[in-house]
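So the sequence shown is numbered by our numbering: it starts at -18 and just counts up by one.
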Amino acid sequence: MTSNKNLTSWVDQIARLTRPARIHWCDGSEEERDRLTLEILRSGNLEELDQQKLPGCYLRRTPQHDVARTEQLTFICTSEKGDAGPTNNWMNPGEAYQKLSKIFENSMAGRTMFVIPFIMGPAGSPFSKIGVQITDSNYVVLNMRIMTRMGKIALEQLGNSNNFTRCLHGKADLDINNRFICHFPEDNTIWSVGSAYGGNALLGKKCLSLRIGSYLGGKEGWLAEHMLIMGVEDPHGKVTYVAAAFPSACGKTNLAMLVPPASQKGYKVWTIGDDIAWLHVGDDGRLWAINPEAGFFGVAPGTSYKTNPNAMATIQKNTIFTNVLKTSENTVWWEGMDGVPPTSGIDWKGRPWAPGGEPGAHPNARFTAPAKQCPSISSEWENPKGVPISAILFGGRRTKLNPLVYQTFSWNDGVYTGATMSSETTAAAMGKVGVVRRDPMAMIPFCGYHMGDYFKNWITMGSRVKNPPKIFHVNWFRTDHDGRFLWPGFGENLRVLKWIIERCEGRGEAVESPIGFLPKLIDTTGLNIAPSILNELFKVDRDAWLAELEDQQNFLSGFGAKLPAEIWQKYHALVKKFS
Ligand code: GTP
Ligand code: SPV
Ligand code: MN
-18 MTSNKNLTSW
-8 VDQIARLTRP
2 ARIHWCDGSE
12 EERDRLTLEI
22 LRSGNLEELD
32 QQKLPGCYLR
42 RTPQHDVART
52 EQLTFICTSE
62 KGDAGPTNNW
72 MNPGEAYQKL
82 SKIFENSMAG
92 RTMFVIPFIM
102 GPAGSPFSKI
112 GVQITDSNYV
122 VLNMRIMTRM
132 GKIALEQLGN
142 SNNFTRCLHG
152 KADLDINNRF
162 ICHFPEDNTI
172 WSVGSAYGGN
182 ALLGKKCLSL
192 RIGSYLGGKE
202 GWLAEHMLIM
212 GVEDPHGKVT
222 YVAAAFPSAC
232 GKTNLAMLVP
242 PASQKGYKVW
252 TIGDDIAWLH
262 VGDDGRLWAI
272 NPEAGFFGVA
282 PGTSYKTNPN
292 AMATIQKNTI
302 FTNVLKTSEN
312 TVWWEGMDGV
322 PPTSGIDWKG
332 RPWAPGGEPG
342 AHPNARFTAP
352 AKQCPSISSE
362 WENPKGVPIS
372 AILFGGRRTK
382 LNPLVYQTFS
392 WNDGVYTGAT
402 MSSETTAAAM
412 GKVGVVRRDP
422 MAMIPFCGYH
432 MGDYFKNWIT
442 MGSRVKNPPK
452 IFHVNWFRTD
462 HDGRFLWPGF
472 GENLRVLKWI
482 IERCEGRGEA
492 VESPIGFLPK
502 LIDTTGLNIA
512 PSILNELFKV
522 DRDAWLAELE
532 DQQNFLSGFG
542 AKLPAEIWQK
552 YHALVKKFS
């Protein structure tokens, strides 16, 4: 398959450790996909859905303890503990290799070891990175085939180079007590064992593209971010590119695929990516973004023709559904899908289901679908240069506090806003849901090095781009006293994007507040929003912000001497504005 000795000797080394019965080098062909699908169907680990209604679609149910990323079992293994920073779990690299080797030892006996060469980023792009994942899970292979450009194409791009991320993944006993997701940024290596779910197991995604990626970005002068990338086309045909960082399950896929409501004539949204962006300084002094992924691993519950028609259209074929409900018609369903709910089915735990009881789908149930099937996919999505970014949005779930939208005063004010972002936790990670946590740039689970250094990299990037994007903060999730969302969200978010784009063009009227510029007017024609609700949506409550600032100060203090002085300056400036 390859004459690359760096690669073959590593594969040999891992085979000696894990002792598989056979080794399969993935070529990425359709024949290979069909053969693997048959194998996994026969083993009972995948179910075929109605091939008339959902051609090429399959259902997977995972063990109940393996349904989301496990952040408490995720480690950054740098030789110096301080380099991982206070927001990461750390393990000594030698100790980690030893501990995981014991679990990997003979773990593939009698089974197939798959070798998946893959590219993150468009083939041939100077910004792309190569990874090679070893895994004993055919389900992971099928997912990686959708999420990355894998097989022959990646080996060709790699050639004889040693410049690839060594990604080792094994199911072992799928035992949560023997589960570790370890990153060795100094060795460009990832070892993950004991989980076969999403970000824990599809190592090109969060592990390579964000944790290893952010570490490399810090060293090489670029940014690896948890961001969607979209183009907004106005009625004159002008396209403005926007990148947005929201924490997991806070609306990136939905915004990236937005369908403008009928009231917004002539506007179109083009999707470049829904989860990860790699940002580089271009020769023209602008910031350019590529999407390293080739597919969407999106949250199913809440996805409907009403909220996200483009996602629904994308997942009608060649899609793997994980932990959704199977209907008696052999199709899929989840909470929040349109139409009449089914009267019976098999729930995500494999039990008979009837309405009114427990949810049919796990709240973090997901679909894995090829990006090119998305009706709104941009003609530029595989452009090796990427797209030039005019606006960066930070946002999260804050039922109180943050206004619907505001523009930060400058790049460094934007960095401050990103660094102090917070959101209520969701089902995308194991743990309690709905508690406020600080999540700088939506990267708290994904930053592969000291976050103080990461903020410094953001500040340095700002000084290197002559025409930096404007930075905004958005919050679609503000609620009233009864817990109802004040803002309709989804397609109507285009109204907010319109103001953002006007601001990028030097138009769009604003009023100054201590935290940034608020819109003087947001287009709400036809929305029927009472003025009192609009007031609430844009309220900057002094007492609430003073309490918030105290909490921000506590959080920032945790970064110690590594916190850039620029961040403290912005903090003090903000305190002054409120006093
Ligand atoms: P990850 O894939 O985990 O990174 O998530 P994501 O950021 O792509 O989130 P996604 O778009 O899948 O949305 C997650 C949840 O937020 C879904 O249940 C959506 O229905 C809900 N959501 C998305 N956009 C909006 C919005 O504008 N308003 C409201 N109220 N809910 C939204
Ligand atoms: C997220 O949790 O942000 C995801 C899903 O996009 S996972 O790939 O599991 O990380
Ligand atoms: Mn994500």
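Cβ atoms here follow ideal geometry from the backbone N, Cα and C, with glycine treated the same way.
heavy atom of the ligand COA below 7 Å from residue i C-beta
i, result
"Ala275", "For the structure depicted, the ligand COA is absent and the ligand set comprises only the ligand GTP, the ligand SPV and the ligand MN."
Whole-angstrom distance between residue j and residue i, CA atom to CA atom
i, j, result
"Arg14", "Val122", "9 Å"
"Ala491", "Leu385", "14 Å"
"Ala65", "Ser229", "21 Å"
"Gln32", "Gly395", "48 Å"
"Cys148", "Gln114", "4 Å"
"Ile496", "Leu54", "36 Å"
"Val321", "Gly487", "47 Å"
"Gly331", "Phe302", "14 Å"
"Phe540", "Met432", "7 Å"
"Glu547", "Ala350", "41 Å"
"Glu473", "Gly507", "11 Å"
"Gly377", "Asn87", "43 Å"
"Arg23", "Arg16", "11 Å"
"Pro67", "Gln533", "15 Å"
"Ala77", "Cys163", "7 Å"
"Pro98", "Glu363", "19 Å"
"Leu374", "Ile452", "6 Å"
"Thr284", "Leu518", "25 Å"
"Pro273", "Phe348", "18 Å"
Within 8 Å, strictly: CB atoms of residue i and residue j
i, j, result
"Asn383", "His454", "yes"
"Ile157", "Ile134", "no"
"Asn235", "Phe471", "yes"
"Met94", "Ala(-4)", "yes"
"Ile482", "Val240", "no"
"Thr312", "Leu35", "yes"
"Tyr397", "Lys551", "yes"
"Val96", "Cys38", "no"
"Arg42", "Trp329", "yes"
"Ala104", "Arg130", "yes"
"Ile503", "Val521", "no"
"Gly412", "Glu405", "no"
"Arg465", "Thr380", "no"
"His150", "Leu189", "no"
"Thr401", "Cys231", "no"
Residue closest to residue i, alpha-carbon to alpha-carbon, out of the options
i, options, result
"Phe85", "Pro103, Gln(-6), Gln45", "Gln(-6)"
"Val250", "Asn291, Ala275, Phe278, Pro273", "Asn291"
"Leu537", "Met125, Trp549, Met424", "Trp549"
"Gln79", "Lys133, Phe161, Ile157", "Phe161"
"Asn26", "Met(-18), Gln45, Ser60, Tyr120", "Tyr120"
"Gly91", "Glu12, Glu29, Trp71, Pro1", "Pro1"
"Lys(-14)", "Trp526, Val414, Met411, Gly140", "Gly140"
"Gly429", "Pro469, Ser444, Trp71", "Trp71"
"Ile4", "Thr116, Ile257, Ala275, Glu531", "Thr116"
"Pro340", "Gly367, Pro512, Val305", "Val305"
"Asn169", "Asp154, Gly179, Thr146", "Thr146"
"Ile425", "Ala281, Asn69, Pro469", "Asn69"
Limits of the unbroken alpha helix (DSSP H) element including residue i
i, result
"Trp392", "392 to 400"
"Gly198", "194 to 201"
"Asn353", "The question names Asn, but residue 353 is Lys in the sequence shown. Lys353 -> no alpha helix (DSSP H), and no H or E assigned at all."
"Leu(-2)", "-14 to -1"
Start-to-end residues for the beta strand (DSSP E) that takes in residue i
i, result
"Met238", "No beta strand (DSSP E) holds Met238; DSSP gives it neither H nor E."
"Arg147", "146 to 151"
"Leu184", "It is not in any beta strand (DSSP E) - Leu184 carries neither H nor E in the DSSP assignment."
"Trp251", "249 to 254"
"Ser513", "Premise fails: Ser513 lies in the alpha helix (DSSP H), 512 to 518, not in any beta strand (DSSP E)."
"Thr170", "170 to 174"
"Ser371", "368 to 376"
"Val386", "386 to 388"
"Val220", "220 to 226"
"Ile210", "208 to 214"
"Arg3", "3 to 6"
"Ser494", "491 to 494"
"Leu499", "497 to 500"
Within-8 Å CB hit, residue i to chain C
i, result
"Gln550", "Looking for chain C here will not work: only one protein chain is present."
Which runs of the alpha helix (DSSP H) spanning at least 4 residues fall entirely within the stretch 399 to 483, listed in chain order? 432 to 445
Write down every uninterrupted run of the beta strand (DSSP E) in the stretch 17 to 64 whose length is 3 residues or greater and which is fully enclosed by it, in chain order. 39 to 41, 55 to 57
Where in the stretch 242 to 316 do unbroken runs of the alpha helix (DSSP H), each at least 4 residues long, occur, reported from the N-terminal end onward? 290 to 295
Just to confirm the assignment: which complete alpha helix (DSSP H) runs, minimum length 4, are found wholly within the stretch 55 to 122? Whole alpha helix (DSSP H) segments, 4+ residues: 74 to 85.
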